[in-house]
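Single-structure report; data block below.
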Amino acid sequence: MERKKIDRMKKIKPLLSLLVVLLFAAVAQAQNVAGESSFGQTMRSNGRIYVVIAVMTTILVGLFLYLIRLDKKVSKLEKEA
Amino acid sequence: MTRKKNMISRWWWKILCIVLLLFTFIKGLLVKVPNLPALEETSRNLFFHVAMWMSMMTLFTVSMVNAIRYLRTFNLKYDIYARQYAVVGIVFGLLGYSTGAIWMSYTWADPNNKLFQSFDALAREPKLIGAAIALLIYFAYLVLRDSIHDMDKRARVSAVYNIFAYAMLFPTIWIVPRLLPSLHPGGQGGNPAMNFNDVSPEMRIVELPAFIGWTLLGVWITTLKIRMSLWKEKRLTA
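Those protein sequences? They're chains A and B, same order as listed.
Count along the first sequence from 1, then add 14; that gives the number in our numbering.
Count along the second sequence from 1, then add 5; that gives the number in our numbering.
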């Protein structure tokens, strides 16, 4: 019972961390009263190259999360066998 | 010696994938892009955001082909192929969607307003709605497929639905968004990424390797998933 709960927590963890990141992003956005937030200004500096970096990072993180999930599935199958 | 040969014949496209993606990441950041005031350096996202969609479309096409192959042969192997290609296609679609959201926030959204104030206007984009519908149709494919317990029935119903879903992909992401006015490139006229007048020759050098590299990565992940499910299936029946 307890173990199941922990397992469930483990499953929720990435979702929670994503939510935290989104919250930070929202806070960064909310701070902007006149003009743009400092986060937005950074993103727009140097010809908005940081937008490309953010896009590249999103893809890599997304694929890594997916691969970790796949890896866990394979380990589970191996354990069952 | 034969083993070495075997290695190369099995691995060449994976090596190609790695080389092309390394090229994409390095050359993609170094190549000179035309200085467009609306895009500036963000036009480099062509090698990442647009490539996600190219990859997704290829994976969905392969999925549909395997659905047809299943209906022709009734070999359950093809049903597994079709499903796994569709799943990885959805993953790339979601990545394309989220990267598009980031790109949009710094090109379409008005920097003088808060982002959520621009959301009202941005959410009306026909391309966004179309892509969302296409992805939802494929989500429904997974729900439908996994809700039927009988193996043959599941394979048959989901193969037919897969072909339908692919047929819906055309109007939702290619036809309808191009008929409507849109901020997204390719609204009311042409395909921007494939148009020779819209992509500079320097960017074109990176564009095609990027599209092929990301697609091969998607296929690579799918083959791992297919191998896993085939093994699982074999163990269940053994």
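A virtual CB, placed ideally from N, CA and C, is assigned to each residue, including glycine.
Please check the pair residue i and residue j, which I expect to be a contact at CB under 8 Å, by giving their CB distance rounded to whole angstroms.
i	j	result
Ile73(B)	Ile168(B)	7 Å
Val162(B)	Ile153(B)	6 Å
Met57(A)	Tyr111(B)	6 Å
Met59(B)	Trp219(B)	7 Å
Val211(B)	Lys37(B)	The pair is not a contact, with the Cβ atoms about 11 Å apart (cut-off 8 Å).
Helix, strand or coil for residue i per DSSP?
i	result
Phe175(B)	helix
Asp203(B)	coil
Ala44(A)	Caution is warranted here: a pLDDT of 49 is assigned to Ala44(A), below 50, making its placement in the model unreliable, and no coordinate value can be reported.
Met71(B)	It is Asn, not Met, that sits at residue 71(B) in the sequence shown. Helix.
Asp115(B)	coil
Asp155(B)	coil
Lys37(B)	coil
Phe121(B)	helix
Pro42(B)	coil
Leu188(B)	coil
Asn11(B)	helix
Phe79(B)	coil
Glu130(B)	coil
Ala136(B)	helix
Ser48(B)	helix
Below 8 Å between beta carbons: does that hold for residue i and residue j?
i	j	result
Gly249(B)	Val92(B)	Since the displayed chain B opens at 6 and closes at 243, residue 249(B) lies outside it and no answer follows.
Phe28(B)	Ile73(A)	no
Ile138(B)	Ser234(B)	no
Val66(A)	Asn40(B)	no
Glu46(B)	Gly61(A)	yes
Met69(B)	Tyr171(B)	yes
Leu174(B)	Phe65(B)	yes
Trp113(B)	Leu127(B)	yes
Tyr75(B)	Ala160(B)	yes
Ala2(A)	Arg240(B)	Missing from the structure shown is residue 2(A); chain A here goes from 15 to 95 and no further.
Leu77(A)	Lys237(B)	no
Leu244(B)	Leu84(A)	For residue 244(B) there is no data in the structure shown, the boundaries of chain B being 6 and 243.
Please return the same chain residues whose Cβ sits closer than 8 Å to the Cβ of residue i, not counting the five positions on each side in sequence.
i	result
Leu140(B)	Ile95, Gly98, Leu99 and Tyr102
Asn46(A)	Only weak support is given to the placement of Asn46(A): the predicted model assigns it a pLDDT of 47, under 50, and the question is left unresolved by the model.
Ile231(B)	Ile85, Tyr86 and Gln89
Leu25(B)	Pro214, Ala215, Ile217, Gly218 and Leu221
Lys19(B)	Leu221 and Trp225
Is residue i near the ligand COA - that is, is its Cβ less than 7 Å away from at least one heavy atom of it?
i	result
Lys86(A)	By its list of ligands, the structure shown contains no ligand whatsoever, and the ligand COA lies outside what it can speak to.
Which same chain residues, not among the five before or five after residue i, have their C-beta less than 7 Å away from its C-beta?
i	result
Met156(B)	Leu81
Val67(B)	Tyr90
Cys22(B)	Gly218, Leu221, Leu222 and Trp225
Leu44(B)	Thr112
In chain order, what residues of the same chain lie with their CB nearer than 6 Å to the CB of residue i, ignoring the 5 residues before and after it?
i	result
Asn71(B)	Tyr83, Tyr86 and Ala87
Ser48(B)	Val38
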